[in-house]
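Undergrad:
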Amino acid sequence: MDPVLIIGSGLAGYTVARELRKLDQFTPLVILSRDDASFYSKPMLSNALAAGKAAAQIASAAAEQMAVQLKARIIAGAEVEAIDTGRRTVQVAGAPIRYAKLVLALGADPIELALQGDAAHEVLRVNDLAAYASFRAAIEGKQSVVLLGAGLIGCEFANDLLAAGYRVAVIDPAQRPLGRLLPEAVAERLQHALAAAGVSWHLGTTARAVKRDAAGLHVELADGTMLKTDVVLSAIGLRPRVRLAQRAGLKVNRGIVTDRLLQTSAANVYALGDCAEVDGQTLPYVLPLMQAARALAQTLAGTATPVTYSAMPVVVKTPALPLVVCPPAALAGSWKLNPEADGIEARFEDASGKLLGFALAGTSISRKQALTKLAPAVFS
Amino acid sequence: MKTWQCVVCGFIYDEARGMPEDGVAAGTRWEDIPADWSCPDCGVAKADFEMVEAGSVAA
Chain A
598 MDPVLIIGSG LAGYTVAREL RKLDQFTPLV ILSRDDASFY SKPMLSNALA AGKAAAQIAS
658 AAAEQMAVQL KARIIAGAEV EAIDTGRRTV QVAGAPIRYA KLVLALGADP IELALQGDAA
718 HEVLRVNDLA AYASFRAAIE GKQSVVLLGA GLIGCEFAND LLAAGYRVAV IDPAQRPLGR
778 LLPEAVAERL QHALAAAGVS WHLGTTARAV KRDAAGLHVE LADGTMLKTD VVLSAIGLRP
838 RVRLAQRAGL KVNRGIVTDR LLQTSAANVY ALGDCAEVDG QTLPYVLPLM QAARALAQTL
898 AGTATPVTYS AMPVVVKTPA LPLVVCPPAA LAGSWKLNPE ADGIEARFED ASGKLLGFAL
958 AGTSISRKQA LTKLAPAVFS
Chain B
898 MKTWQCVVCG FIYDEARGMP EDGVAAGTRW EDIPADWSCP DCGVAKADFE MVEAGSVAA
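So the sequences go chain by chain: A and B. For the first sequence, the positions run 598 to 977 when our numbering is used. For the second sequence, the positions run 898 to 956 when our numbering is used.
1. So which of A:Phe976, A:Ser961, A:Gly954, A:Ala958 has the shortest CA-CA distance to A:Thr969?
2. Measure the alpha-carbon distance for A:Tyr729 versus A:Val829 and round it to whole angstroms.
3. Pairs of beta-carbons, one from the region 769-784 of chain A and one from the region 740-748 of chain A, closer than 8 Å: are there three or more?
4. For A:Leu945, which of helix, strand or coil comes out of DSSP?
5. Please list, in chain order, the chain A residues whose beta carbon lies closer than 8 Å to that of B:Glu918.
6. For the candidate residues A:Ile694, A:Val665, A:Glu817, A:Ala659, whose alpha-carbon lies nearest to that of A:Pro600?
7. How about B:Glu918 and A:Ser963: do their beta carbons lie closer than 7 Å?
8. For a minimum of 3 consecutive residues, which ranges assigned as the beta strand (DSSP E) are wholly contained in the region 862-905 of chain A?
9. Name the two residues that bound the continuous beta strand (DSSP E) containing B:Cys903.
10. Short of 7 Å Cβ to Cβ, which residues in the region 655-678 of chain A face chain B?
11. Give every residue of the same chain whose Cβ lies closer than 6 Å to the Cβ of A:Gly870, excluding the five residues on either side of it in the sequence, and list them in chain order.
12. The beta strand (DSSP E) with A:His815 in it runs from where to where?
13. Could you tell me whether any Cβ in chain A is nearer than 7 Å to the Cβ of B:Gly915?
14. Between A:Ala656 and A:Tyr637, is the Cβ-Cβ spacing less than 7 Å?
15. DSSP puts A:Ile604 in a beta bridge; with which residues?
16. Quick one: does B:Val853 have its CB under 7 Å from some CB of chain A?
17. Using a Cβ-Cβ distance cut-off of 7 Å, determine whether B:Asp938 contacts chain A.
18. Given a threshold of 16 other Cβ atoms within 10 Å of its Cβ, counted over all protein chains shown, does B:Gly940 qualify as buried or as exposed?
19. Near A:Asp856, which residues of its chain fall below 7 Å by C-beta distance, leaving aside the five closest residues on each side in sequence?
20. Span of the beta strand (DSSP E) holding A:Thr826?
21. Is A:Leu971 closer than 7 Å to A:Leu957 when the C-beta atoms are compared?
22. Anything in chain A within Cβ reach of B:Gly907, meaning under 7 Å, just list it in chain order.
23. Report the three-state DSSP secondary structure of A:Cys923 (helix, strand or coil).
24. For A:Lys933, tell me which candidate among A:Ala675, A:Gly704, A:Glu946 has the shortest Cα-Cα distance.
25. Contact between the region 662-671 of chain A and the region 625-644 of chain A: three or more CB pairs below 8 Å?
Listed below in structure tokens is the structure:
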């Protein structure tokens with residue numbers, strides 16, 4: 598019997614495997630991983646420093662433990678070279694592995710900024726546990742970090758580094774941190790809270806070059822400013838990994854295109870998580886991934902189950918100003934602000950006053966559950 | 898009173914605080930939370946292995 602074959606051992610791959618095993622103990626299951634296939638949660642990487650967790654402690658189970666737990670064959674260090682959807686095989690190290698159903702849980706790559714300078718190659722990115730270990734080694738005994746990007750991950754890393762005692766500067770072309778997700782007043786509050794905690798902001802400009810001399814690294818900004826630093830960390834966004842699917846002839850847009858059954862354009866091939874574009878939505882967050890994994894497990898176990906996305910608030914781990922954002926699914930509407938003593942509630946409403954999304958900051962995050970119940974599903 | 902952390906998203910459940918906004922009274926012990934409860938931040942089920950004891954809160 599050919600197995601269910603999962604490519605990827607990140608949160609998406611392992612969660613769909615675990616959910617499948619709750620429904621089906623017997624179908625053979627094979628998981629291919631490019632790394633050592635230990636289980637860890639990527640969202641934990643951006644707040645592990647202040648929590649006192651080393652890279653090795655973030656991995657909660659080794660591949661061998663996962664294999665026992667999931668009754669799966671796990672192949673670590675496996676780089677998939679090609680997928681043949683006609684023969685139902687994937688090629689690893691020149692040899693074919695057959696599948697009955699294939700699940701693509703490939704993840705996403707960090708977007709790289711084109712930088713000049715002799716030290717451009719020294720810019721770090723943290724997209725997996727191995728890279729996180731390198732980052733921790735690089736900041737060990739150092740004092741300062743320059744972050745490229747004031748989005749969700751950039752802000753979380755900035756706060757985490759501050760809490761661990763580092764000097765932090767953040768560069769972003771936008772005028773406010775998290776400018777794409779938050780209404781102006783909330784973004785401004787976040788900017789001030791992180792500034793009060795120690796962030797030195799360089800907004801409305803970009804990094805142009807990274808150079809090294811005897812004194813350390815220097816980041817040159819487009820506005821001419823030079824920032825001296827020990828380490829440069831880039832967190833400017835993610836791009837779904839689509840090349841493998843594209844070469845196999847699967848339909849690809851921003852991500853690997855799937856319908857609500859998580860099925861790609863090829864029969865018996867599914868995709869979920871950061872690599873997937875599910876009915877037009879690329880949502881690189883935990884909650885959609887969990888919902889997709891549960892639905893896909895049902896489908897793989899024999900009951901075709903479309904994924905439903907309820908309203909999915911995103912928790913931003915910035916203790917300087919705790920935030921919850923539920924991005925509006927529709928664009929027609931406006932933000933209504935309700936500042937509270939130590940917080941702010943922002944509702945995105947349509948013309949009739951119907952809640953379409955929200956952002957909560959500070960003590961107002963206690964309204965998360967109540968507002969989530971009122972917000973519309975992304976698709977149901 | 899103890900705290901429990903979701904290893905997927907980092908959500909912390911503090912028994913002393915409970916989750917009044919989610920209908921879980923302050924002081925509710927982890928074992929008394931219903932089995933169908935799920936992590937409010939990421940949706941991981943209580944029955945899954947992801948919840949680990951993060952440590953005791955000083956009394």
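Positions of the beta carbon are idealized from the N, C-alpha and C atoms, including for glycine.
TA: According to the structure shown:
1. A:Gly954
2. 13 Å
3. yes
4. Per the sequence shown, the amino acid found at residue 945 of chain A is Phe instead of Leu. Note: A:Phe945 maps to strand in three-state DSSP.
5. Ser963, Arg964, Lys965, Gln966, Ala967
6. A:Ile694
7. Yes, the Cβ-Cβ distance between B:Glu918 and A:Ser963 is below 7 Å.
8. 866-868, 873-875
9. Counting along the chain, the unbroken beta strand (DSSP E) around B:Cys903 starts and ends at 899-903.
10. Going along the region 655-678 of chain A in chain order, one finds Ser657 with a Cβ nearer than 7 Å to chain B.
11. Excluding residues within five positions, the ones whose Cβ falls inside 6 Å are Ala609, Ala702, Leu886.
12. Following the DSSP letters along the chain, one finds A:His815 inside the beta strand (DSSP E) bounded by residues 813-818.
13. no
14. Closer than 7 Å, so yes.
15. Paired residues: A:Leu629, A:Leu701.
16. With chain B running from 898 to 956 in the structure shown, residue 853 of chain B is simply not present.
17. yes
18. So B:Gly940 ends up on the buried side.
19. Around A:Asp856: Asp876.
20. 823-826
21. no
22. Pro640, Met641, Asn644, Lys914
23. A:Cys923: strand per DSSP, three-state reduction.
24. A:Glu946
25. yes
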